[in-house]
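2 protein chains.
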Amino acid sequence: MPDDSSTEDQPNVGVLMYVAARSLEARAYDAVVAAGAVDVTPTQARLMAQVDPDGTRTVTLAARARITKQSAGFLVDQLERAGYVERVPDPADGRAKLVRLTRRGRAVGDAADAVVAESLREWEQHLGAARMRALEETMRLLRPITDPWA
Amino acid sequence: MPDDSSTEDQPNVGVLMYVAARSLEARAYDAVVAAGAVDVTPTQARLMAQVDPDGTRTVTLAARARITKQSAGFLVDQLERAGYVERVPDPADGRAKLVRLTRRGRAVGDAADAVVAESLREWEQHLGAARMRALEETMRLLRPITDPWA
DNA sequence: CCATGTGGTCAGAGGATCTGACTATCATCG
DNA sequence: CGATGATAGTCAGATCCTCTGACCACATGG
Numbered sequence: 001m002p003d004d005s006s007t008e009d010q011p012n013v014g015v016l017m018y019v020a021a022r023s024l025e026a027r028a029y030d031a032v033v034a035a036g037a038v039d040v041t042p043t044q045a046r047l048m049a050q051v052d053p054d055g056t057r058t059v060t061l062a063a064r065a066r067i068t069k070q071s072a073g074f075l076v077d078q079l080e081r082a083g084y085v086e087r088v089p090d091p092a093d094g095r096a097k098l099v100r101l102t103r104r105g106r107a108v109g110d111a112a113d114a115v116v117a118e119s120l121r122e123w124e125q126h127l128g129a130a131r132m133r134a135l136e137e138t139m140r141l142l143r144p145i146t147d148p149w150a
Numbered sequence: 151m152p153d154d155s156s157t158e159d160q161p162n163v164g165v166l167m168y169v170a171a172r173s174l175e176a177r178a179y180d181a182v183v184a185a186g187a188v189d190v191t192p193t194q195a196r197l198m199a200q201v202d203p204d205g206t207r208t209v210t211l212a213a214r215a216r217i218t219k220q221s222a223g224f225l226v227d228q229l230e231r232a233g234y235v236e237r238v239p240d241p242a243d244g245r246a247k248l249v250r251l252t253r254r255g256r257a258v259g260d261a262a263d264a265v266v267a268e269s270l271r272e273w274e275q276h277l278g279a280a281r282m283r284a285l286e287e288t289m290r291l292l293r294p295i296t297d298p299w300a
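Protein chains in written order, with the working numbering: chain A, 1 to 150; chain B, 151 to 300.
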């Protein structure tokens, strides 16, 4: 939405953050595709990234991705059919199912994580360690007033 | 896409940036709706924010919003029908048309800009002036390695 | 054991995006 | 000045993603 100043010489901080975050995400997605998951869409990948090692309920995935449970279920269906996740009954709750990464899904996720880590190292190299630390701290400080779920 | 760690206690810097940028955008969009533009979707608003005071070509809007010219044209159609933008011939190029904000569109954009500016002032108040300045500088430094269009 | 809440699914609809193909105009270069 | 390649825009078709509303099954707390 109107984030102004993207038409100016100096975009505002919010726009710059958006650009940086997006570049990170794009690299991660490229890694996903490079890892062989050519049939995974960016949206599916974004949801897959929210799956915990021990499995996560669909409603939880939906909350983390800020989408409805129906949309999340739709995406999980696709990921399941493609073999990246599986649904197992939740032993703690008869209504629930846990979405878990398959071996294949885990491989894709690991590839993405590695690329993100590598990109952040590049940031640190470019900014210097001190500035990178300050950036991390500042973003953590900012979180309480920007993250409605934190 | 897999931006990892959003499932950990401490999301990585990229995720935090995404959250912050998104909160800014959400506030701006709320302001758009509050300004009476209840028929404008977030996507339309995002495109409208890219229109220069003197008008901008559809292809340029598309490039700035990182979408195809077809998608941009589709959105401009809707905004034009709703009365927020108008298309005028580009005097410098017979093929081109300039997309310009109408008076109504300008009012909406101004409302959004005001809210963004206000939000950034809140950030500064929360972080302190020094840290805010450092953040802005860091983000500018980061831009060359994250913005493929910069 | 009933009332309320929660996890999940089904059905239907709309919005946003893409690729491919096409026309009109511009710009360049011989 | 004419031919050639690039650019602005549109049309057509398809796909993907998201939502609302309704519904069922199970859980939890009086």
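The beta-carbon is built from N, C-alpha and C at its ideal position, and this holds for glycine as well.
- Message: At the level of alpha carbons, what is the spacing between A134/A and R22/A?
- Response: Position 134 of the first sequence, counted from the start, is the residue given in the question as residue 134/A. Position 22 of the first sequence, counted from the start, is the residue given in the question as residue 22/A. Spanning the two alpha carbons is a distance of roughly 21 Å.
- Task: Specify, as a first and last residue, the run of the alpha helix (DSSP H) that R245/B falls within.
- Result: Start at 1 with the first residue of the second sequence, and residue 245/B comes out as number 95. Annotation for R245/B: no alpha helix (DSSP H) segment contains it, and DSSP assigns it neither H nor E.
- Query: Which residues in the same chain have their Cβ closer than 7 Å to the Cβ of R140/A, if we skip the five residues on either side of it in sequence?
  - Reply: Position 140 of the first sequence, counted from the first residue, corresponds to residue 140/A. Answer for R140/A: no residue qualifies.
- Determine the closest residue to F74/A out of R64/A, L47/A, A111/A, with distance taken between C-alpha atoms. Working through the first sequence from its first residue, we reach residue 74/A at position 74. If we check each option's Cα against that of F74/A, L47/A comes out closest.
- Three or more C-beta pairs below 8 Å linking the region 58 to 73 of chain A and the region 122 to 137 of chain A: Counting C-beta pairs with one atom in each stretch, the region 58 to 73 of chain A and the region 122 to 137 of chain A have fewer than three that are closer than 8 Å, which means they do not touch.
- Query: From V188/B, A185/B, R216/B, G186/B, pick the residue whose C-alpha is nearest to that of Q200/B; which is it?
  - Reply: Here residue 200/B is taken as the residue at index 50 of the second sequence, counted from 1. If we check each option's Cα against that of Q200/B, R216/B comes out closest.
- Among residues of its own chain, excluding the 5 on either side of W273/B, which ones have a beta-carbon nearer than 7 Å to its beta-carbon? Counted from its first residue, the second sequence places residue 273/B at position 123. If we look at W273/B and ignore the five residues flanking it on each side, its Cβ neighbours are M282.
- Query: Taking the Cβ atom as the reference point for each residue, do V32/A and A112/A lie within a distance shorter than 8 Å?
  - Reply: Mapped onto the first sequence, residue 32/A falls at position 32. Mapped onto the first sequence, residue 112/A falls at position 112. Contact annotation: V32/A and A112/A have beta-carbon atoms nearer than 8 Å.
- Task: Anything in chain A within Cβ reach of R271/B, meaning under 9 Å, just list it in chain order.
- Result: Walking along the second sequence from the start, residue 271/B turns up at place 121. Here the premise fails: no neighbours, minimum Cβ distance about 12 Å.
- Query: Starting from P42/A and walking both ways along the alpha helix (DSSP H), at which residues does that stretch end?
  - Reply: Stepping through the first sequence from its first residue, residue 42/A is reached at position 42. Run containing P42/A: 42 to 48, per the alpha helix (DSSP H) assignment.
- Query: Within 8 Å (strictly less), CB to CB, does D154/B reach chain A?
  - Reply: Counting from 1 along the second sequence, the entry for residue 154/B is found at position 4. Unreliable positioning characterises D154/B in this predicted model, as indicated by a pLDDT of 42, which lies under 50. A coordinate reading is not provided.
- Item | DSSP-derived helix/strand/coil call for V162/A | This structure gives no information on residue 162/A, because the portion of chain A shown stretches from 1 to 150.
- Which residues in chain A sit within 7 Å of D204/B, going by Cβ to Cβ distance? The sequence position of residue 204/B within the second sequence is 54, counting from 1. For D204/B, there are no neighbours in chain A by C-beta distance under 7 Å, as the nearest C-beta there is about 11 Å away.
- Item | Which of helix, strand or coil DSSP assigns to T206/B | The residue labelled residue 206/B in the question sits at position 56 within the second sequence. T206/B falls in the strand class under three-state DSSP.
- Closer than 7 Å: is that where the CB of L127/A sits relative to any heavy atom of the ligand NAD? The ligand NAD is not part of this structure, which contains no ligands at all.
- For R131/A and chain B, any beta-carbon pair shorter than 8 Å? Here residue 131/A refers to the residue found at position 131 of the first sequence. It does; some Cβ of chain B falls within 8 Å.
- Message: Can you tell me whether P241/B is helix, strand or coil according to DSSP?
- Response: Within the second sequence, the letter at position 91 stands for residue 241/B. Here P241/B sits in coil by DSSP.
- Kindly say whether A96/A, judged by its beta-carbon, lies nearer than 8 Å to any beta-carbon of chain B. For the purposes of this step, residue 96/A is taken as residue 96 along the first sequence, with counting starting at 1. For A96/A, the nearest beta carbon of chain B is not closer than 8 Å to its own beta carbon.
- Apart from the five residues on each side of it in sequence, which residues of its chain come closer than 7 Å, Cβ to Cβ, to S156/B? On the second sequence, residue 156/B is found 6 positions in, with the first residue counted as 1. Model confidence at S156/B stands at a pLDDT of 40, short of 50, so the residue's coordinates are unreliable; what they give is reported in the following sentence. Taken in chain order, the residues that qualify are V165.
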